[in-house]
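Residue numbers (this note's numbering): 116 to 500.
The C-beta atom is built at its ideal place from N, Cα and C for all residues, glycine as well.
Nothing here was measured: the structure is a model prediction, and the numbers come from that model.
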């Protein structure tokens, strides 16, 4: 019974923590990325306003924002770093992403057309050693033809803020400028790279992508967050499945203990079983006795395991803080991990699957000992009594 309790408690808690990490990673990625992205052919989309009107006809689309996305080099005081340059309209971007909410210094609304302001990820700003008010040079890879040859385009930008979304890819390699400034720098005119969409339910992204691919008339490439970050979530899913299999073995060992315990009981009670048979008990009734015994162990262990697992999963952060306080350690150091606390997401589907699996294993474990007990022959069992 204790084996079943410990196995279920560990399994529910671990899966809840992994669900929490998956939710946390997804939230941080989608705070900068979009649910669905429509990109023009060769990264150029003309007439994005008409595209916006057409996309908003889908009832699942909540908001649309245009963007320009190109590569560039940022230079300051001899330090040069490559970055993804994203041109946005701050008002529209706030409706599809949460960069404004993650500004550590400065205001996202300070990005204004013609002022050539720039907001940097916290790690990118730290690498360049810049702060708000400093001026960085943005070097666009598209060259400009002059009598002296092809010269890269340079433009000085003023740092208006620093953001931190908690995801290294964005914090170390993303720079945000105003859409109009990006169009001027990359000579796009009125064109943009594409539009970014926010949906009412992010889980509808694959379906919406498919619907838009059939309804949009423009030549455009449509992708969603599940494909853009497939490797992250595929890795988490694989780890979750492997942990489920590994921890299920704990419950399987407990079920095997039920088999061995009932076999020992059957061996010890051979004479009692034989007497019951001589009094008229049928093999089926003898089998039911031991099935009930094993089932009681399984049901009790399952119920207590559910209580323990759910309780621990809901209070894992408190338990971790207590352990850190007692042993004066830090399990997830802020200097190493972006997620310094154990997030949990208790999903009732997981709890139900674990409960059914545990009960099924314990029920199966009772079948062999019960069948063995029902096959006891009274004459042989009582021969030496």
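Give a yes or no on whether the C-beta atoms belonging to residue i and residue j are separated by under 8 Å.
{"i": "residue 371", "j": "residue 475", "result": "no"}
{"i": "residue 297", "j": "residue 233", "result": "no"}
{"i": "residue 119", "j": "residue 416", "result": "yes"}
{"i": "residue 133", "j": "residue 351", "result": "yes"}
{"i": "residue 488", "j": "residue 402", "result": "yes"}
{"i": "residue 237", "j": "residue 284", "result": "no"}
{"i": "residue 363", "j": "residue 472", "result": "yes"}
{"i": "residue 413", "j": "residue 478", "result": "yes"}
{"i": "residue 252", "j": "residue 245", "result": "no"}
{"i": "residue 141", "j": "residue 211", "result": "no"}
{"i": "residue 183", "j": "residue 303", "result": "yes"}
{"i": "residue 151", "j": "residue 369", "result": "no"}
{"i": "residue 177", "j": "residue 315", "result": "yes"}
Quick check: what's the CA-CA separation for residue i versus residue j?
{"i": "residue 460", "j": "residue 135", "result": "5 Å"}
{"i": "residue 361", "j": "residue 270", "result": "56 Å"}
{"i": "residue 243", "j": "residue 190", "result": "7 Å"}
{"i": "residue 405", "j": "residue 377", "result": "7 Å"}
{"i": "residue 445", "j": "residue 381", "result": "50 Å"}
{"i": "residue 388", "j": "residue 116", "result": "25 Å"}
{"i": "residue 153", "j": "residue 163", "result": "10 Å"}
{"i": "residue 209", "j": "residue 355", "result": "33 Å"}
{"i": "residue 195", "j": "residue 188", "result": "7 Å"}
{"i": "residue 167", "j": "residue 179", "result": "6 Å"}
{"i": "residue 390", "j": "residue 491", "result": "11 Å"}
{"i": "residue 374", "j": "residue 399", "result": "19 Å"}
{"i": "residue 348", "j": "residue 138", "result": "10 Å"}
{"i": "residue 129", "j": "residue 456", "result": "14 Å"}
{"i": "residue 124", "j": "residue 241", "result": "43 Å"}
{"i": "residue 344", "j": "residue 318", "result": "14 Å"}
Determine the closest residue to residue i out of the options, with distance taken between C-alpha atoms.
{"i": "residue 313", "options": "338, 401 and 301", "result": "338"}
{"i": "residue 181", "options": "158, 207, 280 and 172", "result": "207"}
{"i": "residue 121", "options": "418, 299 and 493", "result": "418"}
{"i": "residue 145", "options": "484, 277 and 341", "result": "341"}
{"i": "residue 309", "options": "160, 151 and 398", "result": "160"}
{"i": "residue 429", "options": "254, 143, 458 and 399", "result": "458"}
On the premise that residue j lies in contact with residue i, defined as a C-beta separation below 8 Å, what is that separation, rounded to the nearest angstrom?
{"i": "residue 114", "j": "residue 239", "result": "Look at the range of the chain in this structure, 116 to 500, and you will see that residue 114 is not part of it."}
{"i": "residue 126", "j": "residue 359", "result": "7 Å"}
{"i": "residue 156", "j": "residue 335", "result": "7 Å"}
{"i": "residue 301", "j": "residue 230", "result": "Wrong, their Cβ atoms sit about 17 Å apart, outside the cutoff."}
{"i": "residue 289", "j": "residue 147", "result": "7 Å"}
{"i": "residue 291", "j": "residue 226", "result": "7 Å"}
Q: Count the C-beta pairs between the segment 313-328 and the segment 214-221 that are closer than 8 Å, then say yes if the count reaches three, no if not.
A: No: the two stretches stay apart, fewer than three of their Cβ pairs being nearer than 8 Å.
Q) Can we say the segment 418-427 touches the segment 462-473, given the rule of at least three CB pairs closer than 8 Å? A) Taking a contact to require three or more Cβ pairs closer than 8 Å, the segment 418-427 and the segment 462-473 qualify as touching.
Q) Does the segment 267-284 come close enough to the segment 162-180 that 3 or more CB-CB pairs lie under 8 Å? A) No: fewer than three Cβ pairs fall under 8 Å.
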